[in-house]
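Taking it in order: structure first as structure tokens, then the write-up.
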Amino acid sequence: MNRENTPPSPVASARNLDDYWMPFTANRQFKARPRLVESAEGLYYRSVDGRQILDGCSGLWCCNAGHGRREISEAVARQIRELDYAPSFQMGHPLPFELAERLGAIAPPGLNKLFFTNSGSESADTALKIALAYQRAIGQGTRTRLIGRELGYHGVGFGGLSVGGMGGNRKAFSANLLPGVDHLPHTLDIARNAFSRGLPEFGVEKADELERLVALHGAENIAAVIVEPMSGSAGVVLPPLGYLQRLREITRKHGILLIFDEVITGFGRIGEAFAAQRWGVTPDILTSAKGLTNGAVPMGAVFVHQDIFEAFMQGPDGIELFHGYTYSGHPLACAAALAALDIYQGENLFQRAIELEDYWCDALLSLRDLPHVVDIRCVGLVGAVQLAPDPAGAGLRGYRVFEQCFHDGAMLRCTGDTLALAPPLIIDKAEIDRLLEILAGAIRKMA
Ligand code: PLP
Numbered sequence: 001m002n003r004e005n006t007p008p009s010p011v012a013s014a015r016n017l018d019d020y021w022m023p024f025t026a027n028r029q030f031k032a033r034p035r036l037v038e039s040a041e042g043l044y045y046r047s048v049d050g051r052q053i054l055d056g057c058s059g060l061w062c063c064n065a066g067h068g069r070r071e072i073s074e075a076v077a078r079q080i081r082e083l084d085y086a087p088s089f090q091m092g093h094p095l096p097f098e099l100a101e102r103l104g105a106i107a108p109p110g111l112n113k114l115f116f117t118n119s120g121s122e123s124a125d126t127a128l129k130i131a132l133a134y135q136r137a138i139g140q141g142t143r144t145r146l147i148g149r150e151l152g153y154h155g156v157g158f159g160g161l162s163v164g165g166m167g168g169n170r171k172a173f174s175a176n177l178l179p180g181v182d183h184l185p186h187t188l189d190i191a192r193n194a195f196s197r198g199l200p201e202f203g204v205e206k207a208d209e210l211e212r213l214v215a216l217h218g219a220e221n222i223a224a225v226i227v228e229p230m231s232g233s234a235g236v237v238l239p240p241l242g243y244l245q246r247l248r249e250i251t252r253k254h255g256i257l258l259i260f261d262e263v264i265t266g267f268g269r270i271g272e273a274f275a276a277q278r279w280g281v282t283p284d285i286l287t288s289a290k291g292l293t294n295g296a297v298p299m300g301a302v303f304v305h306q307d308i309f310e311a312f313m314q315g316p317d318g319i320e321l322f323h324g325y326t327y328s329g330h331p332l333a334c335a336a337a338l339a340a341l342d343i344y345q346g347e348n349l350f351q352r353a354i355e356l357e358d359y360w361c362d363a364l365l366s367l368r369d370l371p372h373v374v375d376i377r378c379v380g381l382v383g384a385v386q387l388a389p390d391p392a393g394a395g396l397r398g399y400r401v402f403e404q405c406f407h408d409g410a411m412l413r414c415t416g417d418t419l420a421l422a423p424p425l426i427i428d429k430a431e432i433d434r435l436l437e438i439l440a441g442a443i444r445k446m447a
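Position 73 of the sequence shown, counting from 1, maps to 73 under the working numbering, and the rest follow consecutively.
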């Protein structure tokens, strides 16, 4: 990192930053030049040094309805006074039942049985376990293999990590990942698809690689395929036109379950409640988290097709699935999720990404001639600007631009040399312009 080129530290504070081991963070870099926010309202964070920071990534892809939503904080405050906690094993309280019904009503067809978790990682591991246990329950116990995809991200549990395909996340654990996992190729193809608007034209044939894996391992040995309809964490990798449909055809033909990880794409990010609906492909299991509570309380939900659930209900009358979390269906999380759903539906936010998509894509694609820009991807209210790597090292240029954006008043994500954007769905055109002006300025200054 060339320190001379980096912006001055936005925070000069006497805080002790030494003892918190920050997740997925270059701790030493961060602590040398911290970025700390202390409050948030609407589209803006406020940094500890009093600056307004436009939230270009909905926190971490989760505050889809913007920040400081009173309806959510008041619902949570009421709930903690009323019932702070209730066990979820062999016991219950009304809220997760109500939430399951509400979520089932907005889910893709048939995905109306809900299992609650506390995060996207837990949702991924839960979905994989349900898939494996389901195959056993229907007498297909040889189906134990799982198939993920290169560049996929399904969180950090050993299950999600094993089917995930981001090398950096896996390396330190490579000998300890689940056996019996294979990966589809990723769909990023800049040579053919650079600067596409919406879904890229080329690459549907990448889904046919699944037929190759089926031929290699035998359909009778494969339980499930898990993919993000759109990979967010790897830098916004979009499915080529027809790709998800083709995966659906192949999995159905071979009795393999299809799992969509919609932890990022769920709750309006692409338009509609889920990407499955926007792109017209219904999986057997769908995982979610993040936007479920608008990021306000940790929670995940796994949407399971009713036929899968019914298969579990055919066995002996006892615990049907030996799986769950102390905080599954936590009262505070349920209260937050119900309030978030009211906002999403009351403000028609699941349509917002569709309404703004053209403007958003035009605005993003207008950055294509800036220095070092090698690709721009956009769909719904998600975007990515990919820069050529600095000869001094991959990721340096992206990180410089990310830091400069924060300094200039916008928070983005950076993955390597890709800057990812996913603003709250309440953003308007003027604020889209502002966000992209800051990004463009940072690229000009720092790239
Ligand atoms: N799955 C996807 C697609 C994600 O993007 C993420 C997080 O970014 C996860 C799973 C993991 O979620 P969490 O960090 O809540 O465990």
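Glycine residues also receive a C-beta, built at the ideal position from the N, C-alpha and C atoms.
message: Tell me the rounded alpha-carbon separation between residue 249 and residue 84.
response: Numbered from 1 along the sequence shown, position 249 holds the residue referred to as residue 249. Numbered from 1 along the sequence shown, position 84 holds the residue referred to as residue 84. Straight-line Cα distance between these residues: approximately 45 angstroms.
message: Closer than 7 angstroms to a non-hydrogen atom of ligand 1 - does that hold for the CB of residue 21?
response: Numbered from 1 along the sequence shown, position 21 holds the residue referred to as residue 21. Result no, Cβ not under 7 angstroms from ligand 1.
query: For residue 314, is the classification buried or exposed, using 16 other Cβ atoms within 10 angstroms of its Cβ as the cut-off for buried?
result: Along the sequence shown, read from residue 1 onward, the residue named residue 314 stands at position 314. Residue 314 comes out exposed.
query: Just to confirm, does residue 259 get its C-beta within under 7 angstroms of one of the non-hydrogen atoms of ligand 1?
result: Here residue 259 is taken as the residue at index 259 of the sequence shown, counted from 1. No, since every heavy atom of ligand 1 falls outside the 7 angstroms radius drawn around the Cβ of residue 259.
message: Rounded to the nearest angstrom, what separates residue 10 and residue 30 at their Cα positions?
response: One-based indexing of the sequence shown puts residue 10 at position 10. One-based indexing of the sequence shown puts residue 30 at position 30. Residue placement at residue 10 is flagged as unreliable, the pLDDT there being 47, under the threshold of 50; the coordinate-derived value follows with that caveat. If you take the alpha carbons of residue 10 and residue 30, they lie about 11 angstroms apart.
- request: Pull up the distance between the alpha-carbon of residue 1 and that of residue 272, whole angstroms please.
  value: Here residue 1 corresponds to residue number 1 of the sequence shown, with the count starting at 1. Here residue 272 corresponds to residue number 272 of the sequence shown, with the count starting at 1. Residue placement at residue 1 cannot be trusted, given a pLDDT of 37 that sits under 50; the coordinates are not used to answer.
message: Nearer than 7 angstroms: is that true of the beta carbon of residue 289 relative to any heavy atom of ligand 1?
response: Numbered from its first residue, the sequence shown carries residue 289 at position 289. True, at least one ligand heavy atom lies under 7 angstroms from that Cβ.
query: Considering only residues of the same chain and omitting the five flanking positions on each side of residue 451, which have a CB-CB separation below 6 angstroms?
result: Outside the shown range of the chain, which is 1 to 447, sits residue 451, and nothing can be said about it.
query: Beta carbon of residue 325: closer than 7 angstroms to some heavy atom of ligand 1?
result: One-based indexing of the sequence shown puts residue 325 at position 325. No, Cβ of residue 325 sits at least 7 angstroms from all heavy atoms of ligand 1.
message: I'd like the span of the beta strand (DSSP E) that includes residue 45, first residue to last.
response: Translated into positions along the sequence shown, residue 45 becomes position 45. Bounds of the beta strand (DSSP E) holding residue 45 are 44-47.
message: Given 7 angstroms as the limit, tell me if residue 376 has its C-beta closer than that to any heavy atom belonging to ligand 1.
response: One-based indexing of the sequence shown puts residue 376 at position 376. No.
message: Looking at ligand 1, does it come within less than 7 angstroms of residue 272, judged from the CB to the closest heavy atom?
response: Residue numbering aside, residue 272 sits at position 272 when the sequence shown is read from its first letter. Incorrect: residue 272 has no Cβ contact closer than 7 angstroms to ligand 1.
- prompt: Is the region 111-119 close to the region 214-224, with three or more CB pairs under 8 angstroms?
  reply: Between the region 111-119 and the region 214-224, the count of C-beta pairs closer than 8 angstroms stays below three; the two stretches do not touch.
- request: Name the two residues that bound the continuous beta strand (DSSP E) containing residue 303.
  value: Taking the first residue of the sequence shown as 1, we reach residue 303 at position 303. DSSP places residue 303 in the uninterrupted beta strand (DSSP E) bounded by 300-304.
- prompt: For residue 232, which of helix, strand or coil comes out of DSSP?
  reply: Along the sequence shown, one-based indexing puts residue 232 at 232. Annotated three-state conformation of residue 232 is coil, per DSSP.
message: Looking only at its chain, what residues have a beta carbon closer than 6 angstroms to the beta carbon of residue 254, apart from the 5 residues adjacent to it on each side?
response: As a first step, residue 254 is located in the sequence shown; it is residue number 254 there, counting from the start. So the list reads 214 and 219, once near-sequence residues are dropped.
message: Following a CB-centred definition, is residue 124 positioned closer than 7 angstroms to any heavy atom of ligand 1?
response: Residue mapping note: residue 124 aligns to position 124 of the sequence shown, counting from 1. True, at least one ligand heavy atom lies under 7 angstroms from that Cβ.
- request: Starting from the C-beta of residue 7, find all residues in its chain whose C-beta is less than 7 angstroms away, skip the five residues before and the five after it, and write them out in chain order.
  value: Working through the sequence shown from its first residue, we reach residue 7 at position 7. Because the pLDDT at residue 7 is just 48, under 50, the model does not fix this residue reliably, and the point stays unresolved.
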